[in-house]
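In what follows, a structure is listed as structure tokens, so that the remarks can point back to it.
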Amino acid sequence: MTFELSDRVETVPPSGIRRFFEIAEERDDVISLGVGEPDFATPWAARDAAITSLEQGKTSYTANRGKRELREAIADYVADRFDLGYGADEEIIVTAGASEAVDLAFRAFVDPGDTVAIAQPAYISYEPGVIFAGGDVLPVPTKEEDDFRLTAEALEAAGAADADVLVLCYPNNPTGAIMPAADLEPVAAFAREHDLTVFSDEIYAELTYDGEHTSIATLPGMRERTIVFNGFSKAHAMTGLRLGYALGPADAIGAMNKIHQYTMLSAPTTAQYAALEALESCDDDVREMVAQYDRRRQFVLTRFREIGMDVFEAKGAFYCFPEVPEGFTAEEFAEEVLREQGVAVVPGDVFGEGGAGHLRISYATGLEDLRRALNRIEAFVEEHA
Ligand code: PMP
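Read left to right, the sequence shown gives residues 1 to 385 (UniProt numbering).
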């Protein structure tokens with residue numbers, strides 16, 4: 001017997017990067033600049049809090065929306081860091097990673113036939129999330145000449161005026177672009193004018209290297225139409241603990257909780273204790289990791305320029321997005337540099353429109369490995385020039 005797959009599952013293509021893992025397995029000296037995951041260990045105080053909670057036997061479900069203390073800490077943190085005012089009772093939900101929050105939002109607010117505009121290049125999970133919810137994706141390409149920032153012109157040109165939801169992610173995965181307040185305003189005006197709901201993925205909000213992050217939800221008239229996603233995976237190096245959250249108006253978060261309470265019940269309890277401690281005592285650890293990412297970012301940008309590859313000045317997250325030299329597609333470059341030099345990078349095409357001809361380089365890797373990887377890329381480019 002074979003299982004008959006749902007149309008939704010059949011529609012989603014397999015991940016474009018699986019092939020690269022297979023090639024990577026052929027060599028044992030691969031340096032990976034491919035994964036979007038911090039190389040740092042979770043700050044010790046957060047791990048210790050998780051261990052203590054286990055020792056004390058705190059292994060039951062929590063409230064559906066997450067431990068009240070944690071929601072209060074999140075409310076204080078986002079107010080303090082990003083000027084976002086959300087109440088712990090009804091306007092915050094703690095989820096199993098930002099991933100669950102994104103999925104809940106698609107399922108809570110997208111009906112079959114609804115259009116979800118996605119600013120691209122974009123994190124690879126949005127498009128499948130829309131499809132699983134029965135919606136239609138409308139790619140909105142951003143351009144390198146605009147520093148990969150979303151513009152009202154790009155929204156207009158893509159036909160986003162008729163969309164129902166707009167998804168944006170700044171600081172951006174995969175480009176490293178950020179959106180300063182002045183650039184967000186025309187996008188917010190477009191959303192207000194065309195009555196779009198905005199999903200703003202701000203999981204890299206702490207990781208900016210040129211000014212502070214601004215949330216689109218802080219702009220006039222935006223709080224009531226925006227859901228903000230954030231979490232502990234990136235800034236607090238807690239990917240495996242699976243903890244994130246969403247912020248939004250009470251009725252919206254209530255709708256997301258309606259799905260969450262049946263499908264997840266509550267986010268991982270041990271991770272909630274770790275997250276509470278992370279917010280209470282790990283600011284210095286975060287600052288130190290950000291400083292190290294910034295050093296790596298500058299090193300990687302400098303090296304690409306020395307190698308002669310054009311690279312956009314990434315200012316956030318832990319990615320940069322160089323152009324492949326002439327004579328290669330991004331896929332070819334990524335495949336050949338992996339086979340010949342053992343460096344794993346991701347071709348920009350997998351992130352949707354606007355990504356072709358680029359590579360995503362993650363610098364969530366130690367400086368020594370970055371140095372070796374960039375030397376290998378240099379050797380590859382020199383050989384094929
Ligand atoms: N959003 C973006 C833009 C990401 O890059 C990632 C992780 N790669 C996520 C969400 C998912 O994060 P989490 O581990 O919190 O589910």
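Beta carbons are placed, not taken as given, at the ideal position from N, Cα and C, and that holds for glycine.
Pull up the distance between the alpha-carbon of Arg107 and that of Ile307, whole angstroms please. So the alpha carbons of these two residues sit roughly 45 angstroms apart.
Counterpart residues of Tyr319 in DSSP-defined beta bridges: Answer is Ser362.
Could you say which of Asp48, Gln120 and Glu144 lies nearest to Leu138 if we only look at CA atoms? Looking from the CA of Leu138, the closest CA among Asp48, Gln120 and Glu144 belongs to Gln120.
C-alpha distance - Tyr363 paired with Ser32, whole-angstrom precision: Tyr363 and Ser32 have their C-alpha atoms spaced approximately 10 angstroms apart.
Per DSSP, what kind of secondary structure is Phe199 in: helix, strand or coil? The answer is strand: DSSP assigns Phe199 an E or B state.
Cβ pair Ala317, Asn173 closer than 8 angstroms: Yes, Cβ-Cβ distance for Ala317 and Asn173 is below 8 angstroms.
Look at the alpha carbon of Ala73 and the alpha carbon of Asp183, and state the distance between them as a whole number of angstroms. C-alpha separation (whole angstroms): 30 angstroms.
Start-end ranges of the alpha helix (DSSP H) lying completely within the stretch 53-109, minimum 4 residues: Counting only runs of 4 or more, we get 68-82 and 97-109.
Inter-residue spacing [alpha-carbon to alpha-carbon] between Leu367 and Arg296: About 6 angstroms.
8 angstroms Cβ cutoff met for Cys169 and Ala122: Between Cys169 and Ala122, the C-beta gap is smaller than 8 angstroms, which places the two residues in contact.
Quick one, are the C-beta atoms of Arg360 and Phe304 less than 8 angstroms apart? In this structure, Phe304 does not lie closer than 8 angstroms to Arg360 by Cβ.
Pull the bridge partners of Ser32 from the DSSP assignment, please. Answer is Ala344, bridged to Ser32.
Taking only three categories from DSSP, how would you classify Ile307? Correct three-state label for Ile307: helix.
If you drop the 5 nearest sequence neighbours on each side, which residues of the same chain put their C-beta closer than 8 angstroms to that of Glu313? Contacts found: Asp147 and Leu301.
Any non-hydrogen atom of ligand 1 within 7 angstroms of Asn173 CB: Taking non-hydrogen atoms of ligand 1 into account, the C-beta of Asn173 is found less than 7 angstroms away from one of them.
Classify Pro128 as helix, strand or coil using the three-state DSSP reduction. The answer is helix: DSSP assigns Pro128 an H, G or I state.
Give a yes or no on whether the minimum CB-CB distance between Glu340 and chain C is below 8 angstroms. As a matter of chain content, chain C is missing from the structure shown, which is built from one protein chain.
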